[in-house]
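S.K.: My questions will all concern the structure given below.
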Amino acid sequence: MTFLQPFILFGLPLILLPVIIHLINRMRHRPQQWAAMRFLISATRASTSHAKLRQFLILLFRTLAVLMLLLFLARPLAGGWMGWMLSPAPDVVLILLDRSASMEMQVSENTTKREQAIKLISEAAAQFQGASHLVLIDSALRTPQEIVNASALNGLSLAAPTDTAADIPAMLQAAFNYLVENRAGSAEIWIASDLQRSNWQPDDARFKSVISQFSGLPQRVRVRLLALNQTPENNLAIAIQDTVRRGKGDQSELQFVVDLQTSSESKDALPIQTVLDGASSETQVTMDSQSMRWRYKLDLGEKRDSGWGKFQLPSDLNAQDNTAYFAYGGNVKLRATIVSADRVSGKFFQIAAAAVANDKDAAQLLSPAEFGSANLEDRSLLIWQAPLPTGPEAERVQNFVEQGGGAIFFPSGNASSQTFAGVNWGKSETAEDEKGFHLVKWNEEEGPLAKTDEGFTLPLGQTEFQRRQQMRGQQAVLASFDDGEPFLTRQNLGKGQFYFCASLPDEEWSTLGDGPVLVPMIQRLLQAGSKRLQQVAFIHAGELSLADQQRQWTSLDSSTQKNARLDAGVYRSGDRLIAVNRPPGEDEPEILDVNEATSLFEGVSFQMLQDKQTQTDALQGEVWRFFLFGMLALLIGESFLILPGKPAAKQERPAPARKTEVAA
1374 MTFLQPFILF GLPLILLPVI IHLINRMRHR PQQWAAMRFL ISATRASTSH
1424 AKLRQFLILL FRTLAVLMLL LFLARPLAGG WMGWMLSPAP DVVLILLDRS
1474 ASMEMQVSEN TTKREQAIKL ISEAAAQFQG ASHLVLIDSA LRTPQEIVNA
1524 SALNGLSLAA PTDTAADIPA MLQAAFNYLV ENRAGSAEIW IASDLQRSNW
1574 QPDDARFKSV ISQFSGLPQR VRVRLLALNQ TPENNLAIAI QDTVRRGKGD
1624 QSELQFVVDL QTSSESKDAL PIQTVLDGAS SETQVTMDSQ SMRWRYKLDL
1674 GEKRDSGWGK FQLPSDLNAQ DNTAYFAYGG NVKLRATIVS ADRVSGKFFQ
1724 IAAAAVANDK DAAQLLSPAE FGSANLEDRS LLIWQAPLPT GPEAERVQNF
1774 VEQGGGAIFF PSGNASSQTF AGVNWGKSET AEDEKGFHLV KWNEEEGPLA
1824 KTDEGFTLPL GQTEFQRRQQ MRGQQAVLAS FDDGEPFLTR QNLGKGQFYF
1874 CASLPDEEWS TLGDGPVLVP MIQRLLQAGS KRLQQVAFIH AGELSLADQQ
1924 RQWTSLDSST QKNARLDAGV YRSGDRLIAV NRPPGEDEPE ILDVNEATSL
1974 FEGVSFQMLQ DKQTQTDALQ GEVWRFFLFG MLALLIGESF LILPGKPAAK
2024 QERPAPARKT EVAA
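The numbering of the sequence shown is the numbering used here, which starts it at 1374 and goes up by one.
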């Protein structure tokens, strides 16, 4: 048993107060040994024994009443059946169940965090069955579903494992909407989660907003959080960051960028099973650290139009993060459209875009005025070196990127307040000396500036920059100068990405026109944008579009029935292939701090319940009412004991009979 106000327990010595008062009262009336009194005591010895017993009970009841008062003020919490049985039943109990991929981590033999949460919640909810409405809101669908029988929770499809991520602020918003729409009375919200930071998003403004909405409700709302935040001791995870098909003629290969993670310090060789179109092989990989980026190639042999595969790790504590799926389509011609106000820079971009392809239409050079009539259907990359697009042009560029294409913006040389997706050009800067600006930091692991397939670094450090233009907006910085100003930034937009580059391949600006940096950068952007032209898609579980949800999807990697919306795998619908994997956030090991989680619910009645193992008393409830009623019962009992006894009834002597004389 724990207490919400434990400092009151320092007053426990006060329970001796009735005893002290009793002893002081005894000292005031000390017995005197004299003959007449001793005779009376011996004559009434039996009644004296009853009087002592009554005095003892009065003293005991008074002492226990003080104890009950102190415990009542300390607001005790009791776990298991006692805590929940003694808590008043709310009108509705909303169960927010996190069934993300990370909740499939095992906490004991053959028991996952999700299963443990369901077990504890089912036992607790059984006490409210019939008295409260039980409503389940799961993390995958976030649709309130009323539960008739708490014991059936484990068998519901809404409580089954998924490969999705959880959005706790959105789940809380769904709970609030349910309370308002159904005009519910008092409510309790039970949250079962592993406190993964990527799922909780504590810095999201939605969290503070929804908590303020709860605090503004007229009815009483109490939140209980069952935190299954144990960290794994030995777990492996694998995820595919990029898949590219390259080849000439009938010979092709798949190039992968794969992320490996482990929670152990072991450096033993790791066996990775590779499956390509049903045929499996095994590769040994040695991890030098707890996280590693692994580059791997698979030979496709003769020309194949499409197919699928997966990477499989050995079994460990979490089966959901041991597999990464991929799919591939046929070779796609890489073509770019270049919009440039400067014909010199435009020629550099045209050469870089057509450097690999033997296609005269691989790089189409247009002026800004010609862009409105350009055909982008067969294009994978848009290179823009002009004032940022506005109006219909900006909308067209945005649609192109959202469909999976790529776009990169180069400076026009003039500062402007005009923005594209929240980013705009600042002032242009010229170096004060011949040394110019130097790049000192860039992402070599992935993206357009990554190392080559042979492991060589692009010569960014040797590239000279005499002029650059500042960029303003919230973007991920992929490369920066020695003074911290960004050179290349990236931002996701729909299915695609767009980039801003701070310099030009013109002699007045830099030596990018030499080619060793510009050509591979443009070619990689072309390859990344080609995904919009393929019938193959890579998506994360839980992100299947509404249109695709109407399709009939057949699982290719498993004979069992799977849901393309919720379960990782490879699926086919007609001529379309999709590879579904868990969201990247599910592999992030950071767990939300307990104190930080508590602070998020400031303004509402909140209770944190941590489950270290399979403890059935993890869910606790306040039981102060038990001690309040106990104190009242003791005081009532004490009042009956101190009542004076009834006086003995006086026996009336019968009146003497009178003789009646009869007159003669």
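Cβ atoms here follow ideal geometry from the backbone N, Cα and C, with glycine treated the same way.
Of the residues Asp1734, Tyr1698 and Gln1685, which one's Cα is nearest the Cα of Leu1707?
M.R.: Stepping through the sequence shown from its first residue, residue 1707 is reached at position 334. That would be Asp1734, whose Cα lies nearest to the Cα of Leu1707.
S.K.: Counting only beta-carbon separations shorter than 8 Å, does Gln1518 have a partner in chain C?
M.R.: Among the chains of the structure shown, chain C does not appear; only one protein chain is present.
S.K.: Consult DSSP for Phe1854 and reduce its assignment to one of helix, strand or coil.
M.R.: Position 481 of the sequence shown, counted from the start, is the residue given in the question as residue 1854. In this structure, Phe1854 counts as strand in the three-state DSSP scheme.
S.K.: Quick check on Phe1773: buried or exposed, where buried means 16 or more other Cβ atoms within 10 Å of its Cβ?
M.R.: Within the sequence shown, the letter at position 400 stands for residue 1773. With 16 or more other Cβ atoms within 10 Å, it is buried.
S.K.: What is the DSSP secondary structure of Gly1764, reduced to helix, strand or coil?
M.R.: Taking the sequence shown and counting its residues from 1, the one referred to as residue 1764 is at position 391. Residue state, collapsed to three classes: helix.
S.K.: How close, in whole Å, do the beta carbons of Asp1694 and Asn1607 come, if the pair is a contact with beta carbons under 8 Å?
M.R.: The residue you call residue 1694 lines up with position 321 of the sequence shown. The residue you call residue 1607 lines up with position 234 of the sequence shown. Between Asn1607 and Asp1694 the Cβ distance is about 13 Å, and since that is not below 8 Å, they are no contact.
S.K.: Looking at Ala1700 and Val1480, is the spacing between their C-beta atoms short of 8 Å?
M.R.: For the purposes of this step, residue 1480 is identified with residue 107 of the sequence shown, where counting begins at 1. For the purposes of this step, residue 1700 is identified with residue 327 of the sequence shown, where counting begins at 1. No. Outside cutoff.
S.K.: List the whole-angstrom C-beta distance separating Cys1874 from Leu1861, where the pair is believed to meet the contact cut-off of C-beta under 8 Å.
M.R.: If you number the sequence shown from 1, residue 1874 lands on position 501. If you number the sequence shown from 1, residue 1861 lands on position 488. Rounded, the Cβ-Cβ distance is 5 Å, consistent with contact.
S.K.: Taking 8 Å as the threshold (C-beta atoms), are Leu1601 and Asp1567 in contact?
M.R.: For the purposes of this step, residue 1567 is taken as the residue at position 194 of the sequence shown. For the purposes of this step, residue 1601 is taken as the residue at position 228 of the sequence shown. Cβ distance < 8 Å, so Asp1567 and Leu1601 count as in contact.
S.K.: From which residue to which residue does the alpha helix (DSSP H) around Arg1487 run?
M.R.: Position 114 of the sequence shown, counted from the first residue, corresponds to residue 1487. Lys1486 to Ala1499 is the extent of the alpha helix (DSSP H) around Arg1487.
S.K.: Three or more C-beta pairs closer than 8 Å, one from the stretch 1872 to 1891 and one from the stretch 1831 to 1844: is that the case here?
M.R.: As far as the Cβ criterion goes, the stretch 1872 to 1891 touches the stretch 1831 to 1844, which means the pair count is three or higher.
S.K.: Taking only runs that begin and end inside the stretch 1732 to 1809, name each unbroken beta strand (DSSP E) of 3 or more residues, in chain order.
M.R.: Qualifying beta strand (DSSP E) stretches, in chain order: 1736 to 1739, 1754 to 1758, 1779 to 1782 and 1796 to 1803.
S.K.: CA-CA distance, Gly1453 and Arg1595?
M.R.: Along the sequence shown, read from residue 1 onward, the residue named residue 1453 stands at position 80. Along the sequence shown, read from residue 1 onward, the residue named residue 1595 stands at position 222. Reliability of the predicted coordinates at Gly1453 is poor, the pLDDT of 48 falling under 50, and the value obtained from them is presented with this limitation in mind. Cα-Cα distance, rounded: 18 Å.
S.K.: Cα separation between Val2035 and Pro2017?
M.R.: Counted from its first residue, the sequence shown places residue 2035 at position 662. Counted from its first residue, the sequence shown places residue 2017 at position 644. The pLDDT assigned to Val2035 is 47, lower than 50, so where the model puts this residue is not dependable, and the model offers no usable value.
S.K.: Would DSSP call Leu1812 helix, strand or coil?
M.R.: Position 439 of the sequence shown, counted from the start, is the residue given in the question as residue 1812. Strand, per DSSP.
S.K.: For the stretch 1802 to 1821 against the stretch 1757 to 1774, do three or more pairs of beta-carbon atoms, one drawn from each stretch, fall closer than 8 Å, so that the two count as touching?
M.R.: No, the stretch 1802 to 1821 is not in contact with the stretch 1757 to 1774.
S.K.: Quick one: give me the first and last residue of the alpha helix (DSSP H) that Ile1724 is part of.
M.R.: Residue 1724 sits at position 351 when you count from the first residue of the sequence shown. Note, Ile1724: alpha helix (DSSP H), Arg1716 to Ala1726.
S.K.: Quick check on Asp1511: does DSSP put it in helix, strand or coil?
M.R.: Locating residue 1511 in the sequence shown gives position 138, counting from the first residue. Residue state, collapsed to three classes: strand.
S.K.: How would you write the range of the beta strand (DSSP E) that Ala1823 sits in, first residue to last?
M.R.: As a first step, residue 1823 must be located in the sequence shown, where it is residue number 450. Ala1823 -> no beta strand (DSSP E), and no H or E assigned at all.
S.K.: Short of 8 Å in beta carbon distance, which residues of its chain neighbour Asp1856, apart from the five on each side in sequence? Order them along the chain.
M.R.: The count along the sequence shown starts at 1 and reaches residue 1856 at position 483. Cβ within range, chain order: Phe1810.
S.K.: Using only the alpha-carbon positions, how far apart do Gly1719 and Leu1754 sit?
M.R.: In the sequence shown, residue 1719 corresponds to position 346, counting from 1. In the sequence shown, residue 1754 corresponds to position 381, counting from 1. Using only the alpha carbons, I get a separation of about 14 Å.
S.K.: For Thr1616, list the residues DSSP reports as bridge partners.
M.R.: For this step, residue 1616 is matched to residue 243 along the sequence shown. In DSSP, Thr1616 forms a bridge with Phe1629.
S.K.: With burial defined as no fewer than 16 other Cβ atoms inside 10 Å of the residue's Cβ, what is the status of Phe1783: buried or exposed?
M.R.: As a working mapping, residue 1783 is identified with position 410 in the sequence shown. With 16 or more other Cβ atoms within 10 Å, it is buried.
S.K.: Under three-state DSSP, which class holds Ala1543?
M.R.: For the purposes of this step, residue 1543 is taken as residue 170 along the sequence shown, with counting starting at 1. Ala1543 falls in the helix class under three-state DSSP.
S.K.: Would you report the Cα separation of Gly1680 and Gln1614, rounded to the nearest angstrom?
M.R.: Within the sequence shown, residue 1680 is the residue found at index 307, counting from 1. Within the sequence shown, residue 1614 is the residue found at index 241, counting from 1. Distance between the alpha carbons of Gly1680 and Gln1614: 18 Å.
S.K.: Please list, in chain order, all residues of the same chain as Asp1678 whose beta carbon is under 6 Å from its beta carbon, the five residues on each side excluded.
M.R.: Within the sequence shown, residue 1678 is the residue found at index 305, counting from 1. Taken in chain order, the residues that qualify are Gly1703.
S.K.: Since Gly1915 and Ser1571 should fall inside the 8 Å C-beta cutoff, what is the C-beta to C-beta distance between them, to a whole number of angstroms?
M.R.: Position 542 of the sequence shown, counting from 1, holds the residue named residue 1915. Position 198 of the sequence shown, counting from 1, holds the residue named residue 1571. With a Cβ gap of about 13 Å, Gly1915 and Ser1571 do not count as contacting.
S.K.: For the alpha helix (DSSP H) that Met2004 lies in, which residues bound it at each end?
M.R.: The sequence position of residue 2004 within the sequence shown is 631, counting from 1. Segment Trp1997 to Leu2014, the alpha helix (DSSP H) holding Met2004.
S.K.: For the putative contact between Ser1636 and Pro1962, defined by C-beta atoms under 8 Å, what is the C-beta separation to the nearest angstrom?
M.R.: Here the question's residue 1636 lines up with position 263 in the sequence shown. Here the question's residue 1962 lines up with position 589 in the sequence shown. 7 Å between Cβ atoms; contact.
S.K.: So, helix, strand or coil for Gly1834, using DSSP?
M.R.: Taking the sequence shown and counting its residues from 1, the one referred to as residue 1834 is at position 461. Residue state, collapsed to three classes: helix.
S.K.: What span of residues does the beta strand (DSSP E) with Arg1563 cover, start to end?
M.R.: As a first step, residue 1563 must be located in the sequence shown, where it is residue number 190. For clarity, residue 1563 is Trp in the given sequence; the question names Arg instead. Taken as a continuous stretch (DSSP letters only), the beta strand (DSSP E) holding Trp1563 covers Ala1560 to Ser1566.
S.K.: Hey, how far is the Cα of Leu2077 from the Cα of Arg1427?
M.R.: Look at the range of the chain in this structure, 1374 to 2037, and you will see that residue 2077 is not part of it.
S.K.: Taking the alpha-carbon positions, what's the Arg1515 to Thr1933 distance?
M.R.: The count along the sequence shown starts at 1 and reaches residue 1515 at position 142. The count along the sequence shown starts at 1 and reaches residue 1933 at position 560. C-alpha separation (whole angstroms): 25 Å.
S.K.: Counting only runs of 4+ residues fully inside the stretch 1915 to 1987, write out the alpha helix (DSSP H) ranges in chain order.
M.R.: Runs of the alpha helix (DSSP H) inside the stretch 1915 to 1987: 1919 to 1922 and 1967 to 1973.
S.K.: Please list, in chain order, all residues of the same chain as Thr1763 whose beta carbon is under 8 Å from its beta carbon, the five residues on each side excluded.
M.R.: Position 390 of the sequence shown, counted from the start, is the residue given in the question as residue 1763. Excluding residues within five positions, the ones whose Cβ falls inside 8 Å are Gln1791.
S.K.: I'd like to confirm the pairing. Which residues does DSSP put opposite Val1465 in its beta bridges?
M.R.: Taking the sequence shown and counting its residues from 1, one reaches residue 1465 at position 92. Answer by DSSP bridge pairing, in chain order: His1506 and Ala1560.
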